[in-house]
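Asks: Each position in the sequence shown, counted from 1, maps to that position plus 6 in the working numbering. All C-beta atoms in this analysis are idealised placements derived from N, C-alpha and C, irrespective of residue type, glycine included. My structure is below; once you've seen it, I'll send some questions.
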Amino acid sequence: MSAIASLHIVKAADLPEIVGAAGEGLAYEAIDRVGRANGDDYAWSGHVMLNVLTSLDELDIMLASPSLQEASDAINADYDGVTLIDSSAKAFLDRLEPAAYRPADLVDLAELGLDDEETGYAMEDTLTLLRDTIAGLADDEVLLLHIG
Numbered sequence: 007m008s009a010i011a012s013l014h015i016v017k018a019a020d021l022p023e024i025v026g027a028a029g030e031g032l033a034y035e036a037i038d039r040v041g042r043a044n045g046d047d048y049a050w051s052g053h054v055m056l057n058v059l060t061s062l063d064e065l066d067i068m069l070a071s072p073s074l075q076e077a078s079d080a081i082n083a084d085y086d087g088v089t090l091i092d093s094s095a096k097a098f099l100d101r102l103e104p105a106a107y108r109p110a111d112l113v114d115l116a117e118l119g120l121d122d123e124e125t126g127y128a129m130e131d132t133l134t135l136l137r138d139t140i141a142g143l144a145d146d147e148v149l150l151l152h153i154g
């Protein structure tokens with residue numbers, strides 16, 4: 007089964023509206039209404055993004071914002087696969103540099119069914135997108151990353 011990764015930028019002040027909508031099964035509609043889609047297209051499967059995020063977590067590069075865990079849990083109850091990342095993740099920007107990793111460090115080749123060359127491109131594109139998007143977050147903005 008394929009998955010898609012989508013990135014939306016939302017104002018932190020709008021998170022309660024999304025959380026409230028999630029309680030009514032309308033999280034997606036609220037995200038679409040108050041968020042703006044990240045302008046960069048992500049051409050890889052959402053499984054690649056999930057694999058990279060999981061690998062980063064294992065390397066103690068925790069992009070998900072602990073202060074937003076309650077909101078994340080509420081949104082995920084309706085719209086599963088959401089990770090909320092705020093500007094505090096900028097502390098990890100230097101660790102999101104693609105040149106610092108080999109593809110095998112972050113992407114499980116067997117799980118994703120990609121060849122070595124594709125894996126390298128997928129890792130580079132994913133890290134670059136995360137790094138650039140997080141770098142562009144204002145202090146009052148949150149990256150709402152959905153994989154599903």
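Taking DSSP as the reference, what is the three-state secondary structure of Ala-43?
Replies: Note: Ala-43 maps to strand in three-state DSSP.
Asks: Determine, using beta-carbon pairs with one atom in the segment 25–36 and one in the segment 103–115, whether at least three such pairs fall under 8 Å.
Replies: Segments in contact, no.
Asks: Are at least three pairs of beta-carbons, each pair with one atom in the segment 39–46 and one in the segment 56–71, less than 8 Å apart?
Replies: Touching, no, given that fewer than three Cβ pairs across the two stretches are closer than 8 Å.
Asks: Looking at the structure shown, is Leu-120 part of a helix, part of a strand, or coil, going by DSSP?
Replies: Residue state, collapsed to three classes: coil.
Asks: What are the start and end residues of the beta strand (DSSP E) that includes Leu-150?
Replies: Segment 147–153, the beta strand (DSSP E) holding Leu-150.
Asks: Rounded to whole angstroms, what's the CA-CA distance from Glu-147 to Pro-104? Just pull it up for me.
Replies: Answer to the nearest angstrom: the Cα atoms are 24 Å apart.
Asks: Grouping DSSP H, G and I as helix and E and B as strand, with all else coil, what is Ser-8?
Replies: It is coil, neither helix nor strand.
Asks: With which residues is Ile-81 paired in a DSSP beta bridge?
Replies: Ile-81 pairs with nothing; no bridge assigned.
Asks: Looking at Leu-118 and Val-54, is the spacing between their C-beta atoms short of 9 Å?
Replies: Yes; because the gap between Cβ atoms is below 9 Å, this pair is in contact.
Asks: How is the beta strand (DSSP E) around Val-88 delimited, first residue to last?
Replies: Unbroken beta strand (DSSP E) run through Val-88: 88–92.
Asks: If I measure Cβ to Cβ from Ala-28 and keep anything under 7 Å in the same chain, skipping five residues before and after, which residues do I get?
Replies: The answer, listed in chain order, is Ala-80, Ile-81, Ala-83, Asp-84, Tyr-85.
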